[in-house]
Each structure stands twice: as C-alpha cells, then as structure tokens.
Amino acid sequence: MGVPPARRTSGMWGKALLRLVFALALPAVLVALWWAASAGSTNVYWPPLRTVFGVFPDVWTGERLRGDVLPSVLRLAAGYTAAAVAGVALGTVIGSWRRVRALCEPVLEFLRAVPPPVLVPVIMLFAGIGDTMKIAVIASGCVWPVLLNTVEGVRAVDPVLAETARSYGITGVARLRDVVLRSASPQIFAGLRQALSIGIILMVISEMFAAGNGLGFTIVQFQRGFAIPDMWTGILLLGLLGFLLSVLFGLAERRVLGWYHGLRASGRRSP
Amino acid sequence: MLDVQGLHKVYEGSGRRTEAVRDLTFSVAAGELVCLVGPSGCGKTTLLKCVGGLLAPTAGEVRLAGRPVDGPPPGMAFVFQEYGRSLFPWMRVGQNVELPLKQKRLSRQRRRALVADALESVGLADAAGAYPWQLSGGMQQRVAIARALAYEPEVLLMDEPFAAVDAQTRAELEDLVRRLWRERGITILFVTHDIDEAVYLGERVLVLSASPTVVREQLKVDLPDQRDQLHTRVNPRFAELRTRVYEQVQAAKRGR
Amino acid sequence: MLDVQGLHKVYEGSGRRTEAVRDLTFSVAAGELVCLVGPSGCGKTTLLKCVGGLLAPTAGEVRLAGRPVDGPPPGMAFVFQEYGRSLFPWMRVGQNVELPLKQKRLSRQRRRALVADALESVGLADAAGAYPWQLSGGMQQRVAIARALAYEPEVLLMDEPFAAVDAQTRAELEDLVRRLWRERGITILFVTHDIDEAVYLGERVLVLSASPTVVREQLKVDLPDQRDQLHTRVNPRFAELRTRVYEQVQAAKRGR
Amino acid sequence: GSSDPGGKDTAGPSGGTTTVKVGVVPVLDVAPVYLGEKQGFYADRGLELELVPAQGGAAIVPGVISGQFQFGFSNTTSLLVARSKNVPVKAVANGAASTGEDGADFAAITVGKGSPLTSAKQLEGKKAAVNTLNNVCDTSIRESVRKDGGDPSKVEFVEMPFDRMPAALDGGQVDAACTPEPALATVKAAGGKEIASNFHDVSPDLTVAMYFTSQQFAGKNPDLVKKFREATAESLKYADSHPEEVRQILTTYTKIPATLLEKLTLPRYPAEPDRASIERLAELGERDGLFEKAPNLDELLP
Amino acid sequence: MRGSDAALGAAGCAVFVLLGEAVPRLGLVDEDHFPPACRIAGALGRELSDTAFWSALGDTLTGWALGLAIAVSAGVVAGVVISVVPYLREVTASTIEFLRPIPSVALIPLAVLLYGTELRSVLLLVGYAAFWQVLIQVLYGVRDVDPVAEETARSYGLGGWARVRHVLWPTALPYVMTGVRLAAAVALILAVTAELVIGAPGLGARIAVAQTSQAVPEMYALIVVTGVLGLLINVGTRAVERRALAWHQSVRGEVAV
Ligand SMILES: Nc1ncnc2c1ncn2[C@@H]1O[C@H](COP(=O)(O)OP(=O)(O)OP(=O)(O)O)[C@@H](O)[C@H]1O
Ligand SMILES: Nc1ncnc2c1ncn2[C@@H]1O[C@H](COP(=O)(O)OP(=O)(O)OP(=O)(O)O)[C@@H](O)[C@H]1O
Ligand SMILES: [Mg+2]
Ligand SMILES: [Mg+2]
C-alpha cells in the first residue's frame, strides 16, 4: 500500500529541487538588494557589488587558489580537528567529575576571555611563527564552544540511561563511547558547528600575524593596499567557504545524529 | 544470598525532603524468586536501586553473597520501571540487547545467538533492526526484558516489568521468567502491582507498608513448584493467598 | 460524536516501514465510555493519537462531532502512555496540572481549586510542590491523570493510564473515572491491557487484532450502570464478558 | 552615519573653537601634536583637538574618508598606496622624518644578541620582520640591501607587529627586524645591534609619516585645514627644538618604561614634508611593486 | 559544597599563577617577553591605582554589556522565530552559514566607516560576533524538544505562544545558557579587540598603547584584567544557571548523591 516507487523517486527529485530553492532564494534576494543599494556608490570602502563581482574571477583563480586558499584550508582543518578532539576529550572529563570542573573552570574561563589578537603574540612566544602557531591559534579559539557544549551535554545524560549502563557494568571506554558521548552528541554537534565558523574567523586572525600566504593574509593585504573591491571578494569567499563547510558538516551530522533527528521528528504530526 | 539490614533512605533536594524508606530488613536466599508489592510511591524502586547498588542508602546496609553492595555487582541485570528511557535511543534494538554482552567479552557469535534468542522469547524477533523509539510502549518494555535475559544474570531485579504488555503476552512472559528461574537458578527480586502476578510468580511475597516504608508482611507462597496459567490460578490456595495479599496492600494503603 | 472511517497508518523512516493500522472503522457516541484492548504493538496508541489529532493518518478519516480532526480539538484531554515524559520536568507538579487551565483562561482562584481537587482525587495532595522527577513512577502517572481531570475535558483519551499504580489505587481510580464520566457526561476512549478493567469500566469493549490492525470484535458490556468493585466483579455476567474478551485477545495475538 | 565629510556633528563651532578629531597611532611620531596641544598652538587658532589613538591605517583611513575623523596620521607609503588606488586622501602637514644620521636614526634594521649578521647585504636568504608587508619597512630594507650591494629579492619578509619583534629576534624566529623606537631601544637593551639605518638609506631627510585629511573635507573646509596645518607646523618646530619636552609628553600618552625613555632616539620633526624624499619613496614603491603606477604627488601633497 | 568548589577553583588559579611565575623563571621563555607573575602583579597594581584605568574598564564593560544584551536578545528572538515559523529555517540556513564565518575584524573598516570610534562601532562588532553564538545554540536547543512533551502541549490546546513559553523555551534553555556563556566571552573579546584596533576608548586601547610602548608587564596586566573579567562573568552566568536550571539534570544531577 506504499507509495509507488516511480512517484517516490520523482518525490525525491522534487525534494532536492525544493531544498535548492530554499537554499538560494534568500541569498538571491539579499544579493539583489546589495546590488541595488551599492550600484551608485562612490565610497571607496563600499564599492558597487558589480565591481566586486567583476574582480572576483581575476582575484580567486589559479595561483591564489592553490597558494593562499589551500594552505588556509589545511591549517583550518588541522586546527579544527585538534580543537574538536581536545574539546570533546577535555569536556568529557570536566563534565563527568564535578570536582575537576570546579578545579579547572576558573582557569579555563580566564583563558577563554583573552582576545585572540593579544593571545596570538603569546602563542608566538611558544609556538614560533610558522604553521604551528596558526594552527594553535585556530585550535585555541575553536575549542571553547566544543568544550562548553560537551561539558553541558555530558552533565545532562539522562539518569535512567546512566543507571542502565551502570547496572549492566558498562564502564570505562564502553560507557564513554556508547553512552556518554552518544547521549551528549546533539549538544556536541551544536558546539562543533559553532566552532566551524569561529575556526574560519581565527584562520583570518592568525594570518594577520607573521604570515606569508593564506586567505586571511590576502584579505588583510588587500585592505592595507586599499584594494577594496578585492577585499570584498575575500569576504565573500570566506562566506562561501563557511557555507560549503557547513554543507559538509550537515552531511556528517545527518549520519551521526540520524537517530536523534528520527527521535525528535517522531512527535511531529505528519512524518 | 541477599541481606537487607535496616535500610533507610531519605531523598533531599530542591526544597523537599522525603523519607522514602524508613527501615527495611529482609533477606532473600540464593535462587529464590521474591515478589515485592506495596502501595504506589512506597519505595519499591528505591529499595531495588539500593539493592542493585545504584543508590547509596542513607543508613543500613545491603549485602549480596556476604559482601556489602556499594556499586552494581557483576552478574546483575536490572529491568527499570522507566523502560522507555532505559533504552539507548541511538542504538537499534539488537544493539541495545547486545551492548551489555559486549561488556561481558562474549564472542560475536555467542552474542548474536543470545540476542536472537532473547528477542525471540519476548516475541520481537523481527524488531531487531528498529530504533527503540519506533516501537510501541509494550514492545519497548519487552526489549528491556530481552536485554536482561540475554545478559544471563545471576541476580535479576525487575521493576514492574510487564506493566505495559497485554494480558496474553504478560502470561507468556510470566511463564518465561519462571522457566528461566527454574532452569538457571537465578535469584529474582520482582516488583509488581498485579497481586495475582505476585502470587503466581513468587516463592515469597513481601508486602511493603506505605511510605515511610517498613516490611508489612512476608508471605510464603506454598503453591506447587510447577505452575501454569490455567491450573494454578484456579487453585483455591491461590485465591486464598491473593485475597490475603490484597487485604494487606489495602491495609497498607489505608494505614498511612 | 466520534467517527473513525477506514483509518490507515504507515510509519516510515530510518530504514523501516511499519503498517501500524490497516483499516479501522468504528464510532463512539457522545458520552460513551469505550475501552480498547489489543495485543502489544497493535496500534492502540497510534489510533488514539490519530483521534486526538496528534498524528495525521496515512489514509482514512477521523471525525469528531461531525468535523474532520486535523489537529487537537479543543476540550480534549490526553493521558499519554509515556506519562513520565509527558510531564514537564521544569514545572512543579502543581504547575504541570495548572498549565492547561491557564490556557483555558480560567481565573486564578478557579485554577487553584481545580488543581487542588484533581491532585486530591488521585491522592497526591501533598506532592503539589514537588518536581515530577522527584516522584515515583505511579505518582507521576497519577499527576498526568490529575492534569487531564482538572482540565474538565469533553473528550478524554487515556492510554493505559493505570499501568503503574498499585491494585488498590487502581480500583479507586477506576471508580473515579466512572464517577466523573457519569457526572459530567464525558466521552472517553480508554486503552488498557487489563481485561477486567476494560469490562469493569467500559460501556463497550473494542478488541483490536494484531498488527496490521483491524477491529476484531466490538462487545457491548451489558452490566448495570451502577458498578462497584465488590459486586460487579463477582457478577457472573462479568466473568462471561471477561472470558470472552480474553479469548478474543488471545486469538488476536495468535492470529498474526 | 553619514559619509558626509563635513564633520558637522563633531567639528561644529562651539563658542569660537572647533573640535577636530585626529586619528593617531600612539607612537613617538605624533608627540608634536600632543605637545602642540599642550602648548596651546591649536587653541590659539580656535581648534580643539580630540586625539583618538588607533592601531593603524585599517581604522584611521576609513575613519578619515567617512568623516568620522577630520584628520589622521599615517605613514607616507600608505598614503602613496592609497592615492594610487584613488582613495581621496590629502596630506596636510608633516609628521616625522629620519634623523638624517646614519647609525643614529630613530628606526633601524636590527639583529638579535649574538647574531653573526653585520651588514644589510647579509640579509640575503634571511628572514626579516616588518610590521606590514608592502610598506615602508620592506621597501626601505630592500633599498639598504641594494645599497650594500646585495640582492633584495633574496630577503624573506615576515609580518609582525613592532612590539613582537624583540621577542622574535631573541627567539630566533626572525634574523632581522625593522624596528623603530621604542622597539629599537628594547632590542639594543637586550644586546641586539643595528646593522643599517634603512630609513636613512632611502633618503637622509625621509618624510616617514604625515597628517592627512580627505580630499572632500579639504575642499570644503580650506580654512580649517589651513589652521590645522599652521598649528601643526608650529608644533613640529617646537618639538624639534625641545626634545626633553617631547620625552616628557611621551609619558602622558604612551607607557614607555622609564628605563627606555632616556635611551630613545627621537625622530626629527621638520615643519614641512620633504618632497624629494617622498618622490624617492614613490620610485622605490613602484620598483617593488607596491603600486603599478607612482601616484601623482601634486594630488597628495599640500 | 559550594565552598569547597570555590576552594578548588582557587587552587586551580593558584596553580596557574605559579605556572606563570615558574615558566619564565625557569628560562623556558625570556623574562623580558613573558614576565613572571609577580611582575605582572606589580604592573596590575599600578594599573588599578590609575583612575584612567577604571574609566577604561567602565567603557569596555559598557560596550560589552550593551553588545551582549543586543546579541542575546536578537539571537534568542531570531532563533525562536526561525524554528517556529514553518520553512523559515530552510530558507535562512544558507544565509546564516554564509554570514557566520565573516570575521568581525574584516568588518572593522565598515564599522569605522559607519560610526567612527564611537560606542556604536564597538556595538556593531560585538553584536555581530556574539549574535551567531546565541543563534546557533537556540536553533539546536529548540530542536531538542521531547516529542511527548510537545504532543502533550498540543493536546491540551496550548497555542503557539504558550508552547514557545512553556515547552520550547525551557527545553532550549540549557543550550541558550551555554550560548550566553559563549557569547559573553566573545563579546568581551570583540569589545577589547575593537578598542584595540579602532581605538575606541577602553581596555583594548590601553593594551594597544602598552603594546606599542614595549611596556610588556603592563600589557600582560591588562590581559589578566580581561581574563579576570571573563572569569567573573562566568561566575555570574553559573549562578543564574543554578537558579534557572535547577530542574535540569545537569544541575540536579550534581546536587544529589
Ligand atoms: N529522585 C528522587 N528525588 C526525590 N524524591 C524521590 C526520588 N525518587 C523517589 N522519590 C520519592 O521516594 C518515594 C518512593 O519512591 P519510589 O520510586 O521508590 O516508589 P515506588 O514504590 O517505586 O512507587 P511506584 O510503585 O509508584 O513506582 C516517593 O515518595 C517519591 O516521591
Ligand atoms: N514513531 C514511530 N515510528 C515508527 N514506527 C512506529 C512509531 N510508533 C509506533 N510505531 C509502530 O507502530 C506499531 C503500533 O504501535 P503503537 O504504539 O500504536 O502500539 P500499541 O497498540 O500502543 O502497543 P502497546 O500496547 O505496546 O503500547 C508498532 O509496530 C510500532 O513499532
Ligand atoms: Mg517504582
Ligand atoms: Mg501504546
């Protein structure tokens, strides 16, 4: 009595199309607005969008893509991964033991409040000025949302689930892997998503210091060199990069949190 | 096997103080099946959690096989009253049943067999691939039971395990529990609200008073060891016992 | 009052497709108390949710007072099988009961009275200030019942509402429901696994088949309107009816 | 906010005096305006200064362009670059200049303690720290290397703020650094050495920085600009002849430690920018690719 | 219990300070560039006795508090509206993901262009950065509503607003609290950074002066001040959380036993 397969596939295409329309509609409107608002602008810092679009292909093709965007993305990947691992690991420990939390939290909160632009020089003292430093800067910023969300997620594990695990002798690594982290995963993912955009932001900040290449470096150079339309293309590219990464992130999330989406959706009127 | 001595439990927090259990003393022999009945809120779950090492008593002591319980003892399985919340929503039914077995370091093959067996015995053989939240309440409860059975425990603590299943399934599960108990010599502590069930299943029925709780009565169930749904339930002794328990529960409830 | 026509419901998602309800057709007159019994997992909850407008049927229609149901109708109260999760953990018991009344724009005074009354009638007068998670399972379930009663609904849908309470309390609650039903002329759809309860409470008992579900039998309960725990249950007609229902449930379960 | 550069909201006359906001970088170079303000040179002309310290051009140039600041302070190369991109900046007064003494300038290429480097030529294949790439620091270092007979294209430049340079030299992260005061004195105090005076190498009279406004503002408020220029020229002159007062005024708007204060080499503060040196700078900038076409100095200079 | 927590926290801080003293003393880094804790403390003492410092602190806190208030209220409202209105989430998703990674530092010229070095400039940067933190947490939090709770609310005829208020909001609250804690730090960071770069008055501007002046201990002293501010802010949010989330497992789970 199910839906015939032919209709189901066409439905699938329809859904994909609808998703595309959803994804593009608002950006299209915004771009149109920006285009119209900036059309006659003579302000150097606020160039017409047409000019920005015009220089975009020249700026971001070939050598720049390989020489600036790629290294940046690699550093981002390294820093983000380091932050994710450290954040989840540390968060689990801190969230599981109240005393550890009481011990660490003040220091962590202290560190968290130090602005990256003043933190970078300090990191430079220890990590030099190479890629290590940049990765450390990215990681040092990304780690917070992951850490905080992990701590809260771990603290909020359903007591009945925790007791179930305990009563069946599920302890140690198995408890961590099969119970605590899974239960906290919706919140951890919230943190990971936050961290993604923060990572991009810190990628830019880290490249404002002692860099020779990179997306952030290039944008800052454009800004200093008063190549304002080029700078705007850089900002657009950052946005695009963020969007692209979030799409990838969404795919990963859908895999890992499939159960959760199913569970939460089971209360909606029409499935 | 199991010794509960002067158990006392007070819950405190969020502006409330509840003396759930005042003073419980009883013991359960190895391989015995004891049913617990008592008014709603009298502390049965509390007692079971203390016995299972999940809750620290305020005073008194629980000893299992001579050793004081201060954490869940190995070889113990627990079927929670909140069956729905005790299943891991991120695992499919099969995985839920299998997880504790992994902890026991059984071979993959053995685990498979145990899981399939347990699910089969609660009538859920074809639900192994579903997520718990895709099942009905009664099915979820049976998954929780299957998990406990597959674990092959020595001590089995069950907190109203059949509350959500239909009469027919319930009868079948009762027989299943009795069979396993006889075959494997498990020690079982069984909480139920169904007085017929308590008498039908138990070797002994413990009636608890209303909160703050003490043991109101211990009743030996002197029915033949071999029981079945048809004959045992019409046995005049069965009727006597169930009336007796019913009176006690009624008195316990009024007695507060 | 309530018309269910060719109701069909298929669950799909997370790699599973379950035809929960195949074809249900029945109706309930205004002010009738109908009990639903059926094997575990046969679709009773699904049916109730469709009737309550919480779930959209895959096919078929539900009409309430002539109007098709496409959302929770006003004046309806629902007691969920998952009583624990249906209480808001961030509200104290009193607030949980009061919330729907606020929605009804009753005066503060009237709300107070209704809340106190309802909690009193389920025996939880002194738990108003506790959080739901500070209560035992049976107490939580009674809070959910109190919430439904305080709401003074015209249509009451109850999904195994007494599963977690002791025998004595259960009897009292049964009488409470029957009394309110008689006094207020509410239309009640009551899901239960306890066959005695179904016969004792209902004007009619609907037996559902195993999944995929159809109506297996509709049984008119021709017991006197005035029922009580002592006399009704020993009435020979009662015994006949319950045997009849039991057989049907047994057959339904085997029949899959 | 409006992009009207009239500065009406803040620059409106109030009781005969006009308040002007000047975006400055809190370094030695701007001491004369602080001093001039204290001496009343601006007040004499009906100007009340509001000096807003900012980190650099990123904040000051857009502020001036949009009229949030009436005047700003910037290094000359940045102004040249801006001009070449048709950013409507207009220099109005001189800022600071090289001391004109080789080996005793207020900025120098320095190396850390124990470094084997002794001359600019040896920078080939080495890492040199500059505060911003494609700006006066690397242009002038290249010139020093060139003058010393080396190949400037072989120097690797790394960007970092001046204040991090002493640490980077000590840590061996860079081999040399373009350090103006007070970084220069810090390096020297830590045992580092000067190996060349890069500003001096561009021109002994190099105009390192200037005060500027936007073309629009200059066009609409010639009077105000004139007053500011005169007051600044007077301040510069005064500062040049009262170095002790300059050191004194530094303590009010910087936190330069007292131990360093006496050791600082002050820049010169000529009243007028040196056009020849700026032309030289533009030439070098064009050569190093800072801009495709050297900007029109007539448009830039007052 | 609260007292022993505070003692533990103090112990953690003490270890951190000792580390700050030991690392330069042991020669792991140069004292000139990373002064030992006692020298920072000395500089801190000098700062604290300077009235200009206090007015700078006031400026920073004003920018922080206003910016955070704007970001939190906007983030919560936007998050709830986006989740509640059908299809709005799908429509806005791409735009949100596009805008989020745009760094506030890249917006500095724009901010200065619009508002110069006024407070509004700082607010723009602070608000922009902190807004996203709250928004994302709200979006994830709203999704966490228990289906049974949602059904309960619907069956009792709770309307849209009542459901938001009584079901959605309490469910999302733990997420929102985390969002606020994240945003509070980000707002502080951006307030200081904005002051640092564009020179709006405040702690950041003082840090910039200390940096360009090679006044290393003073710079670290000011950084310590921002860190301590962050710490105090966290103490505040934790206190709020203990009250607002008393019912939640994360809080009650640690009270009991
Ligand atoms: N976590 C808790 N915090 C505070 N009080 C609690 C908690 N759990 C149970 N209680 C209280 O302890 C008493 C006993 O609860 P318990 O759950 O043990 O009862 P029970 O016998 O299992 O009841 P039921 O048959 O209804 O499940 C009740 O009054 C209850 O309110
Ligand atoms: N959210 C869901 N997603 C997928 N399948 C579901 C879902 N809810 C119920 N089902 C399936 O629908 C069928 C009927 O479920 P339902 O909950 O209606 O049964 P029930 O009659 O209430 O059973 P019980 O007496 O055990 O509560 C079951 O096979 C169940 O697996
Ligand atoms: Mg219980
Ligand atoms: Mg059900």
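Protein chains in written order, with our numbering: chain W, 4 to 274; chain L, 1131 to 1386; chain X, 1131 to 1386; chain B, 36 to 337; chain F, 5 to 261. All C-beta atoms in this analysis are idealised placements derived from N, C-alpha and C, irrespective of residue type, glycine included. Every value quoted in this text rests on a predicted model; they were computed, and no experiment measured them.
- Summarising the contact set, residues whose Cβ lies nearer than 6 Å to any heavy atom of ligand 4 are, in chain order, 1266(L), 1267(L), 1174(X), 1175(X), 1211(X) and 1289(X).
- With respect to chain W, the C-beta atom of residue 1266(X) has no partner C-beta closer than 8 Å.
- Within 8 Å of the CB of residue 1212(X), the CB atoms of chain F belong to 152, in sequence order along the chain.
- Close to chain L, meaning a Cβ-Cβ distance shorter than 8 Å, are the following residues of the segment 247 to 265 of chain W: 262, 263 and 265.
- Closest in alpha carbon position to residue 59(B), among 208(B), 52(B), 105(B) and 51(B), is 105(B).
- Assignment of residue 147(F) by DSSP, reduced to helix, strand and coil, places it in the coil class.
- Remark: the C-beta of residue 1213(X) is outside contact range of ligand 1, defined as less than 7 Å to any heavy atom.
- With contacts defined by Cβ atoms closer than 8 Å, residue 1280(L) and residue 1244(L) form a contacting pair.
- For a Cβ distance threshold of 7 Å, residue set 261 and 265 of chain W lies close to residue 1144(X), ordered along the chain.
- Rounded to the nearest whole angstrom, the CA to CA distance from residue 37(F) to residue 203(B) is 9 Å.
- Under the Cβ distance rule, residue 1139(X) does not count among the residues neighbouring chain L, no pair being separated by less than 8 Å.
- Annotation: the continuous alpha helix (DSSP H) that includes residue 273(B) extends over 257 to 276.
- If you check the CB distance, residue 233(W) and residue 225(W) come in under 8 Å.
- For residue 1206(X), the residues of chain F that pass the 7 Å Cβ criterion are 159, in the order they occur in the chain.
- With distances taken between CA atoms, residue 182(B) lies nearest to 319(B) out of 337(B), 113(B), 319(B) and 336(B).
- Annotated three-state conformation of residue 337(B) is coil, per DSSP.
- Residue 1238(L) sits exposed, since fewer than 16 C-beta atoms from the chains shown fall within 10 Å of its C-beta.
- For residue 1348(X), the three-state secondary structure derived from DSSP is strand.
- Secondary structure note for residue 226(F): its alpha helix (DSSP H) is the uninterrupted segment 220 to 248.
- Residues of the segment 105 to 120 of chain B that bring their beta carbon within less than 7 Å of a beta carbon in chain F are absent altogether.
- When the Cα atoms are used, residue 218(B) and residue 217(F) turn out to be separated by approximately 8 Å.
- Within 10 angstroms of the beta-carbon of residue 81(F) lie fewer than 16 other beta-carbons, which makes it exposed.
- Close to residue 1215(X), with beta-carbon spacing below 7 Å, are these residues of chain F in chain order: 150, 152 and 153.
- Per the coordinates, the alpha-carbon of residue 1180(L) lies some 40 Å from the alpha-carbon of residue 143(F).
- Contact annotation: residue 169(B) and residue 271(B) have beta-carbon atoms that are not nearer than 8 Å.
- Taking 8 Å as the cut-off, the beta carbon of residue 1207(L) is found no closer than this to the beta carbon of residue 1262(L).
- Sorting 246(F), 188(F), 16(F) and 163(F) by C-alpha distance to the C-alpha of residue 75(F) places 188(F) at the top.
- Residue 106(F): not part of any beta strand (DSSP E); DSSP gives it neither H nor E.
- Nearest CB-CB separation between residue 159(B) and chain W: not below the 8 Å threshold.
- Closest in C-alpha terms to residue 125(F), from the list 200(F), 89(F), 14(F) and 163(F), comes 200(F).
- Rounded to the nearest angstrom, the gap between the Cα atoms of residue 238(B) and residue 143(W) is 44 Å.
- In this structure, ligand 1 has no non-hydrogen atom nearer than 7 Å to the beta-carbon of residue 1274(L).
- By the beta-carbon neighbour count (other beta carbons within 10 angstroms, threshold 16), residue 1200(X) is exposed.
- In this structure, residue 1269(L) has its CB closer than 7 Å to one or more heavy atoms of ligand 2.
- The C-beta of residue 1376(X) has 16 or more other C-beta atoms within 10 Å across all chains shown, which makes the residue buried.
- A Cβ-Cβ contact shorter than 8 Å links residue 111(F) with residue 129(F).
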